[in-house]
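*Asks:*
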Amino acid sequence: MKGRFISFEGIDGAGKSTHLEWYAERLREAGRAVLLTREPGGTELAEALRALLLGEAMDARTELLLMFAARQDHLERRVRPALANGTWVVCDRFTDSTLAYQGSGRQGPTERIRDLADWIHPDLWPDRTYLFDLPAPEALRRRAQARPADRFEAEDVAFFERVRAGYQALARAEPNRFLVIDANESIDRIRLVLANDCASLR
Ligand code: ADP
Ligand code: TYD
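Next comes the structure, spelled out in structure tokens:
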């Protein structure tokens, strides 16, 4: 019995982290074994790459390749083994982040990103992706109150508007996989939407 693969996406500050633990707990209450993990990260090696990606200046190609290096390690050592033994994997970001940030945000080579995805995980995309959708200025306001900016969060509003538009296009292209969440709604309203959807996953 294979587990389900669920990802949370959205621009920084849209509200993903507010719901991740809560969502994993709903699945556990429903009797599932759950791995809550994140990208870039989720293994010792990938967490080391994450620290570099979020902290060190680098060119756009290095950034893109390190994202996939971290992803390969994470898939190989944690995600695939978990899914194979029936564990449900809830992942804070996945390849949609690469398409939105390195593709739309950085205006990078989308076709090469798709090629890398086809190479690293031809057989594996999330069964469900929650997209937290929020205008970039509001996400920036929320972040500014919550924490100091990392290398991505230091980008300007125009960058995050491109990332948001990139995500919206991905969601339009795959309406069965994506559930778009209006992140302007209250935390309680959003939890209602997540709980209903979570209950519908088999
Ligand atoms: P992300 O993980 O997407 O970067 P967070 O979950 O860390 O975002 O949320 C960023 C900030 O916005 C936090 O201070 C959080 O408390 C606040 N926040 C989250 N969801 C909402 C919401 N629905 N309405 C108002 N503020 C929110
Ligand atoms: P995140 O875990 O959401 O950061 P935080 O803990 O600060 O909320 O994501 C880390 C950053 O990495 C985020 O700014 C988006 C970026 N990122 C990419 O640019 N491409 C990717 O493929 C991934 C997975 C993340």
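For the sequence shown, this note's numbering begins at 232 and goes up steadily by one. Glycine is no exception: its CB is placed at the ideal position from the N, C-alpha and C atoms.
(1) Residue range of the alpha helix (DSSP H) that Ile344 falls in?
(2) Here's the rule I'm using: 16 or more other beta-carbon atoms within 10 Å means buried, otherwise exposed. How should Thr293 be labelled?
(3) Any heavy atom of the ligand TYD closer than 8 Å to the CB of Tyr332?
(4) Candidates Ala396, Ala380 and Gly339: which alpha carbon is nearest Phe363's?
(5) Specify, as a first and last residue, the run of the alpha helix (DSSP H) that Thr249 falls within.
(6) Taking the beta carbon of Glu240 as the centre, do at least 16 other beta carbons fall within 10 Å, making it buried, or is it exposed?
(7) Kindly indicate the opening and closing residues of the beta strand (DSSP E) around Arg374.
(8) Our contact map puts Ala264 next to Trp319 with C-beta atoms below 8 Å; I'd like the distance itself, whole angstroms only.
(9) Does Phe299 come out as helix, strand or coil in the three-state DSSP assignment?
(10) How would you write the range of the alpha helix (DSSP H) that Ile418 sits in, first residue to last?
(11) Rounded to whole angstroms, what's the CA-CA distance from Leu306 to Asp354? Just pull it up for me.
(12) Might you give, ordered along the chain, the residues of its own chain that have their beta carbon closer than 7 Å to the beta carbon of Gly234, omitting 5 neighbours on each side?
(13) Three-state secondary structure (DSSP) at Thr318?
(14) Nearest by alpha-carbon distance to Ile447: which of Phe390, Gly334, Leu365 and Thr341 is it?
*Replies:* Considering the structure as presented:
(1) Thr341 to Ile351
(2) exposed
(3) yes
(4) Ala396
(5) Lys247 to Glu260
(6) buried
(7) Element bounds for Arg374: not the beta strand (DSSP E) but the alpha helix (DSSP H), Ala367 to Ala377.
(8) 7 Å
(9) helix
(10) Ile418 to Ser431
(11) 12 Å
(12) Ala313, Leu314, Gly317, Thr318, Trp319 and Val320
(13) coil
(14) Because the chain in this structure spans residues 232 to 433, residue 447 falls outside the shown range and cannot be described.
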